[in-house]
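This report concerns only the one structure given below.
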Amino acid sequence: MDLPQARAALQRARRVAVLTGAGVSAESGIPTFRDPQSGHWARFRPEDLASPGAYARDPGFVWEWYAGRYRDVLRAEPNRGHHLLAELERRKGADFFLATQNVDGLHARAGSGTRGGTLVELHGNLITGRDEKTGEVFPLPEPDALTLPPLSPNGHRLRPNVVWFGEYLPEAALWAAQRAFEEAEVALIVGTSGVVYPAAGLALDARRSGAVVIEVNPEETELTPLLSFSVRDVASRGLAALLE
Ligand code: BJW
1 MDLPQARAAL
11 QRARRVAVLT
21 GAGVSAESGI
31 PTFRDPQSGH
41 WARFRPEDLA
51 SPGAYARDPG
61 FVWEWYAGRY
71 RDVLRAEPNR
81 GHHLLAELER
91 RKGADFFLAT
101 QNVDGLHARA
111 GSGTRGGTLV
121 ELHGNLITGR
131 DEKTGEVFPL
141 PEPDALTLPP
151 LSPNGHRLRP
161 NVVWFGEYLP
171 EAALWAAQRA
181 FEEAEVALIV
191 GTSGVVYPAA
201 GLALDARRSG
211 AVVIEVNPEE
221 TELTPLLSFS
231 VRDVASRGLA
241 ALLE
């Protein structure tokens with residue numbers, strides 16, 4: 001498959017499913033996880049921060065990291081890649097499904113999920129916290145008013161409302177995504193290294209069900225050999241090449 005064929009398949013498709021990862025937000029200035037220079041995991045070990053064990057050992061340290069990232073994402077703006085995906089949703093309507101692994105809320109701020117299709121956050125988000133005892137989700141106070149650890153209106157401690165290693169993804173979101181990727185005619189896999197499961201498995205579900213699966217990523221990934229076609233470019237330009 002070549003670029004004109006990939007573009008034509010996307011244009012023709014009624015049902016489109018998209019999986020995004022940290023690379024989509026790189027052009028908004030948000031670090032990815034696994035970039036060897038600027039990625040989060042270049043500075044920290046995942047098990048020291050993004051795991052239930054780390055939080056149990058040192059909730060203050062873990063909260064400091066999440067509060068800093070919360071501040072950073074509120075200062076960031078959605079980029080052209082986010083906006084192009086919102087535009088694709090407008091074109092496809094109810095048959096458009098976007099599953100993001102990102103916790104930065106930038107797809108929602110670009111309008112995804114409000115143009116007739118569906119947006120799900122597979123790994124939660126940075127702008128809410130979850131009551132440690134009841135599981136209820138609450139918006140976090142503005143960064144300037146945030147004291148750590150934040151407390152829920154019930155007086156219990158809030159934990160970051162994200163999915164750590166070894167934790168289950170939100171069930172309804174994952175099921176809806178699995179169904180959308182199995183039913184999609186075209187799936188786009190944008191800005192993810194494709195190493196974290198079950199999210200990465202969505203690309204494989206779609207491929208197994210016969211979809212055309214197109215990757216947009218400046219680098220080769222673990223998924224590349226299994227997909228139909230790869231646009232080797234950053235999200236903004238790669239998506240523009242497919243959509244415009
Ligand atoms: C650009 C770009 C530009 C740069 N434009 N692109 C099956 C097989 C093997 C392991 C497992 C398995 N099933 C489950 C597991 C275990 C584990 C896992 O997958 N481990 C692997 C790493 C080995 N998964 C889990 O634990 C999951 N839970 C689960 O499976 O529950 C069931 C269970 C329960 C109990 C026991 C066992 C199973 C949960 C995973 C949660 C992941 N959480 C994190 C942190 C979220 C909170 C936070 O933000 O702090 O999610 S980890 C981190 O990785 C984050 C991301 O969402 C996720 C994916 O990363 P992403 O987005 O792909 O970023 P990068 O940095 O990896 O890649 C960026 C890409 O962008 C690169 O390719 C660049 O080239 C590209 N790029 N600039 C476009 N401008």
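In full-length UniProt numbering, the protein residues as written are 1 to 244.
Ideal Cβ placement from N, Cα and C applies to all residues, glycine included.
DSSP three-state label for arginine 80, please. Indexing the sequence shown from 1 puts residue 80 at position 80. Here arginine 80 sits in helix by DSSP.
Buried or exposed (CB count within 10 angstroms, at least 16 for buried), tyrosine 66: Here residue 66 is taken as the residue at index 66 of the sequence shown, counted from 1. Classification for tyrosine 66: buried.
Excluding the 5 residues preceding and the 5 following valine 32 in the sequence, name in chain order all residues of the same chain whose CB lies nearer than 7 Å to its CB. In the sequence shown, residue 32 corresponds to position 32, counting from 1. The sequence as given places threonine at residue 32; valine does not occur at that position. For threonine 32, where only same-chain residues beyond five positions count, the Cβ hits under 7 Å are Ala22, Gly23, Ala26 and Gly39.
Say yes only if the C-beta of glutamate 215 is nearer than 7 Å to one or more non-hydrogen atoms of the ligand BJW, and no if none qualify. Position 215 of the sequence shown, counted from the start, is the residue given in the question as residue 215. No; taking the cut-off as 7 Å, the Cβ of glutamate 215 has no heavy atom of the ligand BJW nearer than that.
Have a look at Phe165, Pro36 and Val212 and flag the residue whose alpha-carbon is nearest the alpha-carbon of glutamate 219. Taking the sequence shown and counting its residues from 1, the one referred to as residue 219 is at position 219. With respect to the C-alpha of glutamate 219, the residue from Phe165, Pro36 and Val212 having the closest C-alpha is Pro36.
Between phenylalanine 165 and alanine 17, is the Cβ-Cβ spacing less than 8 Å? Mapped onto the sequence shown, residue 165 falls at position 165. Mapped onto the sequence shown, residue 17 falls at position 17. No, the pair does not count as a contact, with Cβ atoms beyond the cut-off.
Could you check whether valine 73 and valine 162 sit closer than 8 Å to each other, using their CB atoms as the reference points? On the sequence shown, residue 162 is found 162 positions in, with the first residue counted as 1. On the sequence shown, residue 73 is found 73 positions in, with the first residue counted as 1. No, Cβ-Cβ distance for valine 162 and valine 73 is not below 8 Å.
Any heavy atom of the ligand BJW inside 7 Å of the beta-carbon of serine 230? Position 230 of the sequence shown holds residue 230. Because no heavy atom of the ligand BJW lies under 7 Å away, the Cβ of serine 230 does not count as near it: no.
Just checking proline 78 against the ligand BJW - is the residue's beta carbon closer than 7 Å to any of the ligand's heavy atoms? One-based indexing of the sequence shown puts residue 78 at position 78. False, no ligand heavy atom lies under 7 Å from that Cβ.
In angstroms, rounded to a whole number, what distance separates the CA positions of glutamate 136 and proline 150? For this step, residue 136 is matched to residue 136 along the sequence shown. For this step, residue 150 is matched to residue 150 along the sequence shown. Going by the C-alpha atoms only, they are around 14 Å apart.
Cα separation between tyrosine 197 and glutamine 101? For the purposes of this step, residue 197 is taken as the residue at position 197 of the sequence shown. For the purposes of this step, residue 101 is taken as the residue at position 101 of the sequence shown. About 10 Å.
Would you check whether the ligand BJW has a heavy atom nearer than 7 Å to the C-beta of histidine 123? For this step, residue 123 is matched to residue 123 along the sequence shown. Correct: histidine 123 has its Cβ closer than 7 Å to the ligand BJW.
Glycine 129: first and last residue of the uninterrupted beta strand (DSSP E) it sits in: Numbered from 1 along the sequence shown, position 129 holds the residue referred to as residue 129. It spans 124-131 - the beta strand (DSSP E) in which glycine 129 sits, taken as one unbroken run.
To the nearest angstrom, report how far apart glutamate 142 and arginine 130 are at their CA atoms. To locate residue 142, count along the sequence shown from 1; it is residue 142. To locate residue 130, count along the sequence shown from 1; it is residue 130. Each residue's alpha carbon lies about 16 Å from the other.
For the ligand BJW, is there any heavy atom lying closer than 7 Å to the beta carbon of valine 24? For the purposes of this step, residue 24 is taken as residue 24 along the sequence shown, with counting starting at 1. The ligand BJW has a heavy atom closer than 7 Å to the beta-carbon of valine 24.
In angstroms, rounded to a whole number, what distance separates the CA positions of arginine 57 and isoleucine 30? As a first step, residue 57 must be located in the sequence shown, where it is residue number 57. As a first step, residue 30 must be located in the sequence shown, where it is residue number 30. Taking the CA atoms as reference points, arginine 57 sits about 27 Å from isoleucine 30.
Could you pull the DSSP bridge partners for valine 162 from this structure? Position 162 of the sequence shown, counted from the first residue, corresponds to residue 162. Answer is Gly124, bridged to valine 162.
Any heavy atom of the ligand BJW inside 7 Å of the beta-carbon of phenylalanine 181? Counted from its first residue, the sequence shown places residue 181 at position 181. Not a single heavy atom of the ligand BJW lies less than 7 Å from the C-beta of phenylalanine 181.
Here's the rule: buried if 16 or more other CB atoms are within 10 angstroms of the residue's CB, otherwise exposed. What is glycine 117? Here the question's residue 117 lines up with position 117 in the sequence shown. Buried, by the Cβ-count rule.
Around the C-beta of alanine 99, are 16 or more other C-beta atoms found within 10 angstroms, so that it is buried, or is it exposed? As a working mapping, residue 99 is identified with position 99 in the sequence shown. By the neighbour-count rule (16 or more Cβ atoms within 10 Å), alanine 99 is buried.
Can you list, in chain order, the residues of its chain with a C-beta nearer than 7 Å to that of arginine 34? Leave out the 5 residues immediately preceding and following it. As a working note, residue 34 is residue 34 in the sequence shown. Excluding sequence neighbours, arginine 34 sits near Trp41 and Ser193.
Can you list, in chain order, the stretches of the beta strand (DSSP E) that have 3 or more residues and sit fully within the region 153-221? Within the region 153-221, the complete beta strand (DSSP E) runs of at least 3 residues fall at 158-162, 186-190 and 212-216.
Out of Val195, Glu215 and Ala50, which has the shortest C-alpha to C-alpha gap to arginine 7? Numbered from its first residue, the sequence shown carries residue 7 at position 7. Minimum Cα distance to arginine 7 is reached at Glu215.
For the region 8-76, which segments carrying the beta strand (DSSP E) assignment without a break, of at least 3 residues, lie completely within its bounds, in sequence order? DSSP runs (the beta strand (DSSP E)) wholly in the region 8-76: 16-20.
Verify the contact flag: leucine 119, CB atom, against every heavy atom of the ligand BJW, threshold strictly below 7 Å. Here residue 119 corresponds to residue number 119 of the sequence shown, with the count starting at 1. Checking every heavy atom of the ligand BJW against the Cβ of leucine 119, none is found closer than 7 Å.
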